[in-house]
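Each protein sequence line maps, in turn, to chains A and B. So the first sequence is residues 3 to 246, counted in the numbering used here. So the second sequence is residues 3 to 246, counted in the numbering used here. Below you'll find the structure, written out as structure tokens, and then a few comments.
Protein chains: 2
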Amino acid sequence: MSAKIRVVLVETSHPGNIGAVARAMKNMGLDGERASLYLVTPRRFPHEDATVRASGAIDLLDGAAVCETLDEALVGTTLVFGASARTRSLPWPIHPPRECAAKIALEPDGSEVALVFGRERSGLTNEELERCNTLLHIPTNPEFSSLNLGAAVQVVAYELLMARGEVHKEAGNVERDSPLASADDIERLFGHFEKTLKDIDFLDPENPRHMMRRLRRLFNRVELEQVEINILRGILTAVDKKVK
Amino acid sequence: MSAKIRVVLVETSHPGNIGAVARAMKNMGLDGERASLYLVTPRRFPHEDATVRASGAIDLLDGAAVCETLDEALVGTTLVFGASARTRSLPWPIHPPRECAAKIALEPDGSEVALVFGRERSGLTNEELERCNTLLHIPTNPEFSSLNLGAAVQVVAYELLMARGEVHKEAGNVERDSPLASADDIERLFGHFEKTLKDIDFLDPENPRHMMRRLRRLFNRVELEQVEINILRGILTAVDKKVK
Numbered sequence: 003m004s005a006k007i008r009v010v011l012v013e014t015s016h017p018g019n020i021g022a023v024a025r026a027m028k029n030m031g032l033d034g035e036r037a038s039l040y041l042v043t044p045r046r047f048p049h050e051d052a053t054v055r056a057s058g059a060i061d062l063l064d065g066a067a068v069c070e071t072l073d074e075a076l077v078g079t080t081l082v083f084g085a086s087a088r089t090r091s092l093p094w095p096i097h098p099p100r101e102c103a104a105k106i107a108l109e110p111d112g113s114e115v116a117l118v119f120g121r122e123r124s125g126l127t128n129e130e131l132e133r134c135n136t137l138l139h140i141p142t143n144p145e146f147s148s149l150n151l152g153a154a155v156q157v158v159a160y161e162l163l164m165a166r167g168e169v170h171k172e173a174g175n176v177e178r179d180s181p182l183a184s185a186d187d188i189e190r191l192f193g194h195f196e197k198t199l200k201d202i203d204f205l206d207p208e209n210p211r212h213m214m215r216r217l218r219r220l221f222n223r224v225e226l227e228q229v230e231i232n233i234l235r236g237i238l239t240a241v242d243k244k245v246k
Numbered sequence: 003m004s005a006k007i008r009v010v011l012v013e014t015s016h017p018g019n020i021g022a023v024a025r026a027m028k029n030m031g032l033d034g035e036r037a038s039l040y041l042v043t044p045r046r047f048p049h050e051d052a053t054v055r056a057s058g059a060i061d062l063l064d065g066a067a068v069c070e071t072l073d074e075a076l077v078g079t080t081l082v083f084g085a086s087a088r089t090r091s092l093p094w095p096i097h098p099p100r101e102c103a104a105k106i107a108l109e110p111d112g113s114e115v116a117l118v119f120g121r122e123r124s125g126l127t128n129e130e131l132e133r134c135n136t137l138l139h140i141p142t143n144p145e146f147s148s149l150n151l152g153a154a155v156q157v158v159a160y161e162l163l164m165a166r167g168e169v170h171k172e173a174g175n176v177e178r179d180s181p182l183a184s185a186d187d188i189e190r191l192f193g194h195f196e197k198t199l200k201d202i203d204f205l206d207p208e209n210p211r212h213m214m215r216r217l218r219r220l221f222n223r224v225e226l227e228q229v230e231i232n233i234l235r236g237i238l239t240a241v242d243k244k245v246k
């Protein structure tokens with residue numbers, strides 16, 4: 003079984019694309035107990051175009067969770083993958099779908115993994131990408147790199163299907179002390195970090211963003227476990243007490 | 003370079019699907035000298051829907067060869083792969099896209115390889131499949147196996163791109179801001195950590211080992227860069243000042 007997959011679409015403009023994603027998911031076996039669809043402020047949903055393009059994958063559309071924010075869509079997930087077409091100024095670990103799928107296939111049963119796909123024209127914002135542990139990049143023709151949303155999900159879902167087939171032979175497991183922290187726990191850690199760093203005059207209150215982005219990059223990369231979040235929060239709390 | 007790819011679509015009903023195929027091909031670098039599109043008696047072509055769904059891959063549509071018969075479309079090709087959704091009574095070698103792509107990547111320069119995709123509803127006829135050297139089968143959810151034509155070509159074109167190996171330069175590598183920190187820098191960081199954590203009464207002075215071991219595990223896992231060491235040391239120094 004491995005992890006449950008949450009395909010998160012952020013601000014999709016064309017409902018037809020939501021339908022195409024649902025079809026791609028179900029074609030690749032990402033339905034039922036195995037996966038679900040989360041929609042962050044879709045322009046139009048439900049919509050006839052989504053139903054038509056889903057071509058029978060109606061269960062995924064009917065079961066889709068419509069959320070107000072990306073944060074809301076990520077509550078309870080452990081690993082978060084963000085699809086990114088562009089090379090960014092800020093370096094971030096970036097992986098092709100096959101590697102991401104291999105990693106996801108090793109996640110323990112019962113965990114939830116999010117795959118986040120951005121807007122048709124502009125993808126995910128830098129802020130949204132900073133919520134992700136890993137950037138997922140689908141290799142493309144550099145001169146014609148803008149993938150249709152359905153096509154992007156198709157490729158990733160296909161790799162997940164292929165990886166599920168192969169994982170059973172290997173049966174490797176990530177050794178962990180404790181379960182991975184959830185995305186919302188990590189967000190709370192960053193909130194705490196930012197407050198404490200301001201209190202000790204380490205962050206420029208006018209421009210905390212740059213430094214916080216670096217810390218996000220560091221701590222997202224490491225895939226924090228719950229126990230580690232508790233330790234880091236404990237350290238911050240100890241600092242808070244001394245500063246008072 | 004390897005072989006030139008000919009994507010052959012047989013009796014496509016919906017011109018939009020021809021456009022989606024063109025887009026998928028060009029997205030995956032199957033354009034220009036590398037590939038072309040052959041259409042066997044398409045229901046409607048050229049057509050506005052094809053142009054719209056091609057989303058800029060107009061060169062492939064403009065250069066498409068429209069043929070009267072499959073035979074005509076296959077003239078000059080060496081290997082012929084036929085996409086097949088169904089398990090057939092007729093036993094025939096059947097291969098997943100990854101294997102087909104690996105095989106195609108080994109074809110000599112200047113040879114031409116055909117990938118034949120059938121009708122939206124009914125696929126290829128047995129007669130047409132018998133024209134193929136190899137049946138290509140994309141793994142799917144057995145309960146929802148009918149892939150959209152664009153999605154099928156997307157998956158196969160993606161595997162061809164991966165097999166060409168152009169991917170390795172691009173993906174899978176963490177781009178670094180700054181060089182990795184040295185082992186002695188990291189040791190100094192842990193020394194500083196231990197001192198500061200004692201000062202803020204977070205570490206039990208009697209038994210600091212257990213907690214420090216957990217922090218080592220965390221920060222060793224992340225492969226710290228020099229810049230990140232500087233940031234972490236900066237935070238510790240800011241805490242030190244406040245504690246004084």
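Even glycine gets a Cβ: it sits at the ideal position worked out from N, Cα and C.
- Secondary structure remark: continuous beta strand (DSSP E) runs of at least 3 residues inside the stretch 71-142 of chain B, in chain order: 82-85, 114-119, 136-138.
- Contact with chain A is absent for B:GLY65, since none of that chain's Cβ atoms lies less than 8 Å from the residue's Cβ.
- With respect to chain B, the C-beta atom of A:VAL9 has no partner C-beta closer than 8 Å.
- DSSP, read as helix, strand or coil, puts B:GLU227 in strand.
- Residue pairing of A:ILE7 in beta bridges, as defined by DSSP: A:ALA37, A:VAL115.
- For the pair A:GLY78 and A:GLU189, the Cα-to-Cα distance works out to about 12 Å.
- Counting the other Cβ atoms within 10 Å of the Cβ of B:ASP33 gives 16 or more, which makes it buried.
- At a cut-off of 8 Å between beta-carbon atoms, A:PRO48 makes no contact with chain B.
- For chain A, the residues of the stretch 14-27 of chain B that bring a beta carbon within less than 7 Å of one of its beta carbons are ARG25, ALA26, in chain order.
- Within the model, the alpha-carbon separation for A:LYS246 versus B:ILE202 is close to 12 Å.
- Proximity of B:MET30 to chain A, defined by a Cβ-Cβ separation below 8 Å, is satisfied.
- Legend: CB atoms of the stretch 216-239 of chain B lying less than 9 Å from CB atoms of chain A belong to residues ARG216, LEU217, ARG219, LEU220, PHE221, ARG223, VAL224, GLU225, LEU226, GLU227, VAL229, GLU230, ILE233, LEU234, GLY236, ILE237, THR239.
- For A:ALA67, the enclosing beta strand (DSSP E) covers residues 67-69.
- The beta carbon of A:ASN209 sits no closer than 8 Å to any beta carbon of chain B.
- Our two residues, A:LEU137 and B:ASP111, have alpha carbons roughly 35 Å apart in a direct line.
- Contact between B:LEU11 and B:PHE119 holds, with the beta-carbon distance rounding to 5 Å and staying under 8 Å.
- Of all residues in the stretch 147-159 of chain B, the ones placed with a Cβ closer than 8 Å to any Cβ belonging to chain A are SER147, SER148, LEU149, ASN150, GLY152, ALA153, GLN156, VAL157, in chain order.
- Under a criterion of Cβ atoms nearer than 7 Å, the residues of chain B adjacent to A:LYS244 are, in order, ILE202, LYS244, VAL245.
- Considering only beta carbons, the part of the stretch 49-60 of chain A lying closer than 8 Å to chain B consists of SER57, GLY58, ALA59, in chain order.
- Per DSSP, A:ILE188 is one residue of the alpha helix (DSSP H) stretching across 185-201.
- Residues of chain B with a Cβ closer than 7 Å to the Cβ of A:THR80 do not exist; the shortest Cβ-Cβ separation is about 16 Å.
- Taking C-alpha positions only, B:LEU217 is separated from B:THR198 by approximately 13 Å.
- If you look at B:LEU62, you'll find it in the alpha helix (DSSP H) that goes 60-64.
- Looking only at A:MET27, A:ALA37, A:GLY84, A:THR80, the smallest Cα-Cα distance to A:ALA56 is reached by A:MET27.
- For B:LEU163, the nearest beta carbon of chain A is closer than 8 Å to its own beta carbon.
- Under the Cβ criterion of 8 Å, B:PRO181 is not counted among the residues facing chain A.
- For A:LEU182, the pairing in a beta bridge is given by DSSP as A:GLU227.
- Across the structure, B:MET30 and B:GLN228 are spaced so that their CA atoms are roughly 37 Å apart.
- Residues of the stretch 115-140 of chain B with a C-beta atom less than 9 Å from some C-beta of chain A are ILE140, listed in chain order.
- Residue range 17-29 is occupied by the alpha helix (DSSP H) that includes B:GLY21.
- Proximity of B:LEU62 to chain A, defined by a Cβ-Cβ separation below 8 Å, is not satisfied.
- Just measuring C-alpha positions, the residue of B:ARG121, B:LEU238, B:ALA103 sitting nearest B:VAL115 is B:ALA103.
- Taking the C-beta atoms as reference points, A:LEU63 is found no nearer than 8 Å to A:VAL42.
- Partner residues in the beta bridge of A:VAL42, as assigned by DSSP, are A:VAL12, A:CYS69.
- Annotation for A:ARG45: SER15 place their beta carbon closer than 6 Å to its own, counting only its chain and skipping 5 residues before and after.
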